[in-house]
Amino acid sequence: MMKTIEQIWKETLELLQRKMSRSSFETWIKGLTIQRFDVEKKTVTIHAENEFTRQWLETRLKQVLEDAIEEITGDRYAVSFSVKVKTYVRYSMEQVPTRIDPQEEQERENRNLLLQVLQELQMLHQRLDRMEGGLDDIKKEIKNAGKLKRPPWPISHKPRHENEEKGD
1 MMKTIEQIWK ETLELLQRKM SRSSFETWIK GLTIQRFDVE KKTVTIHAEN
51 EFTRQWLETR LKQVLEDAIE EITGDRYAVS FSVKVKTYVR YSMEQVPTRI
101 DPQEEQEREN RNLLLQVLQE LQMLHQRLDR MEGGLDDIKK EIKNAGKLKR
151 PPWPISHKPR HENEEKGD
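Read in order, the letters of the sequence shown are residues 1 to 168 in full-length UniProt numbering.
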């Protein structure tokens with residue numbers, strides 16, 4: 001039975017979650033979605049949240065994603081990335097209703113802009129939390145590595161004799 005695109009993507013995410021550090025997976029992979037999956041052309045388009053994430057994925061994780069999809073499907077797919085473009089509507093004077101209070105309109109625009117900024121800040125805060133969690137994991141690993149019972153200097157160092165110091 002052939003797997004659905006949703007099954008392939010779910011298995012790909014599970015594989016990447018096992019192979020990657022928790023912080024990297026949470027920060028860069030977890031929120032990705034499949035925009036297009038073309039079996040005939042062997043291409044996959046993955047939707048990224050923003051242009052920064054798209055560029056990061058393109059330069060640092062594209063190969064990892066292609067390898068994971070190949071491991072799940074048995075076929076090599078070329079991965080590309082897309083970003084949802086925010087659309088801003090521009091009105092001509094003919095389209096604007098004539099009875100709008102300018103102060104009320106400005107307040108509404110300010111509220112909408114504030115909501116957009118707050119949403120983006122919330123997304124950044126969530127990403128920062130995930131990164132901090134990863135840093136905590138790294139700190140624990142470093143702390144545990146420091147508990148090893150090895151001296152920080154070579155064991156084979158020998159004390160110098162008096163006549164060696166004088167050059168005799």
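A virtual CB, placed ideally from N, CA and C, is assigned to each residue, including glycine.
If you're wondering where the values come from, they're calculated on a predicted model, not measured in any experiment.
DSSP-derived helix/strand/coil call for residue i
i            : result
aspartate 38 : strand
CA-to-CA distance, residue j to residue i, given in whole angstroms
i                : j              : result
asparagine 112   : glutamine 106  : 10 Å
isoleucine 46    : glutamate 40   : 17 Å
phenylalanine 81 : glutamate 104  : 40 Å
glutamine 17     : proline 102    : 51 Å
lysine 147       : lysine 139     : 13 Å
methionine 2     : isoleucine 8   : 10 Å
residue 207      : glycine 74     : Only positions 1 to 168 of the chain appear in this structure, which leaves residue 207 out of reach.
arginine 76      : leucine 61     : 15 Å
glutamate 120    : asparagine 110 : 15 Å
glutamate 14     : arginine 108   : 43 Å
leucine 32       : glycine 133    : 19 Å
isoleucine 142   : glutamine 122  : 30 Å
asparagine 144   : leucine 114    : 44 Å
Contact check, residue i vs residue j, beta carbons under 9 Å
i                : j             : result
leucine 135      : serine 23     : yes
phenylalanine 37 : threonine 43  : yes
serine 21        : aspartate 137 : yes
leucine 30       : valine 64     : Correcting the residue type first, residue 30 is lysine in the shown sequence and not leucine. The answer is no: Cβ separation not under 9 Å.
methionine 131   : threonine 27  : yes
Chain-order list of residues whose beta-carbon lies under 6 Å from that of residue i (same chain, five-residue window excluded)
i            : result
lysine 84    : none
arginine 54  : Ala48, Phe81 and Val83
arginine 127 : Thr27
arginine 66  : The sequence shown places glutamate at residue 66, rather than the arginine named in the question. Counting only Cβ-Cβ distances below 6 Å, and skipping sequence neighbours, we find Val79.
Cβ shell of residue i (< 8 Å), same chain only, five flanking positions each side left out
i                : result
phenylalanine 25 : Leu16 and Gln17
Own chain residues within Cβ distance below 7 Å of residue i, not counting five before or after
i             : result
threonine 12  : Ala68, Ile69 and Ile72
isoleucine 34 : Ile5, Trp9, Val44 and Ile46
Item to complete: Output the residue ranges of the alpha helix (DSSP H) runs that lie fully inside the UniProt domain "DnaA N-terminal" (6-70) and measure 4 residues or longer, sorted by chain position.
Response: 51-56
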